[in-house]
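Residue numbers (our numbering): 815 to 1058. Report on the structure given below.
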């Protein structure tokens, strides 16, 4: 997936790039421009990016000027220190409008919106409105093939470079498919990426506690061997997901 970030502040670009690399569910290539003129030139020389992060007030003017010179079909996440441009932003292919300094949990929500935006765009262009996410995972154990329905999966975790499915009965099935790849095939309204090692089904969460540092401790059924802590940055995102 190719991402273009239009940002004229170097430190802001570095910070956003780092967060995007941490959050993106897919392998990404990030490119950068820092002005209206360089962005117009970039679009004339390159294919449209899969996603555009667009700062509104940049070094040589207001970035809405770009739309007067070129056509942009890419979904856009606007980034700005000002909120008065929101109405203009949603007149184009806007996925979200993030105020600086950008918070990681809000950026994660923006990525979820982007995923839905992209899926809808593909469906609209092909006329295919069928189920987007898999209903089963197929696990191979030697010569044996095991279909595992999504509602049978309690959680999926990674340990020592091997990924494991744990079903609702506590049975564990290994796979060499990466957790990142599996996440692409999961419905994000049902499964939540707790951390780099663990994805949990909503129905598997049986206990939730908040610490004094705004972190969240959760318990899964079947029991997961390690302590499960949701970071302060992810806690608000998790709460929104849990109640959606």
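Ideal Cβ positions, reconstructed from N, Cα and C, are used throughout, including at glycine.
| query | result |
| --- | --- |
| Give the straight-line distance between the Cα atoms of residue 1025 and residue 1046, rounded to the nearest whole angstrom. | 10 Å |
| Taking residue 829 as the reference, give the member of 852, 853 and 867 with the closest Cα. | 867 |
| Measure the CB-CB distance between residue 893 and residue 916 and report whether it falls below 8 Å. | yes |
| How about the segment 877-885 and the segment 1014-1028: do they share at least three Cβ pairs that are nearer than 8 Å? | no |
| Helix, strand or coil for residue 981 per DSSP? | strand |
| Which residues bound the alpha helix (DSSP H) around residue 1052? | 1046-1057 |
| Secondary structure at residue 964, three-state DSSP: helix, strand or coil? | helix |
| Give every residue of the same chain whose Cβ lies closer than 8 Å to the Cβ of residue 843, excluding the five residues on either side of it in the sequence, and list them in chain order. | 815, 816 and 817 |
| Using 8 Å for Cβ pairs, my map puts residue 1051 next to residue 919. What's the rounded Cβ distance? | 4 Å |
| Please report how far the alpha carbon of residue 945 lies from the alpha carbon of residue 961, in whole angstroms. | Below a pLDDT of 50, predicted positions are generally treated as unreliable, and residue 945, at 45, falls in that range; the measurement from the model is reported next regardless. Going by the C-alpha atoms only, they are around 18 Å apart. |
| Take the Cβ of residue 968 as the centre, count every other Cβ of all protein chains shown within 10 Å, and call the residue buried at 16 or more, exposed below. | buried |
| Looking at residue 1043: is its Cβ nearer than 8 Å to the Cβ of residue 1056? | no |
| Roughly how many angstroms lie between the CA atoms of residue 851 and residue 877, to the nearest whole one? | 10 Å |
| Taking 7 Å as the cut-off, does the CB of residue 837 come closer than this to any heavy atom belonging to the ligand COA? | The model depicted lacks the ligand COA and carries no ligand whatsoever. |
| Along the chain, where does the beta strand (DSSP E) containing residue 865 start, and where does it finish? | 865-869 |
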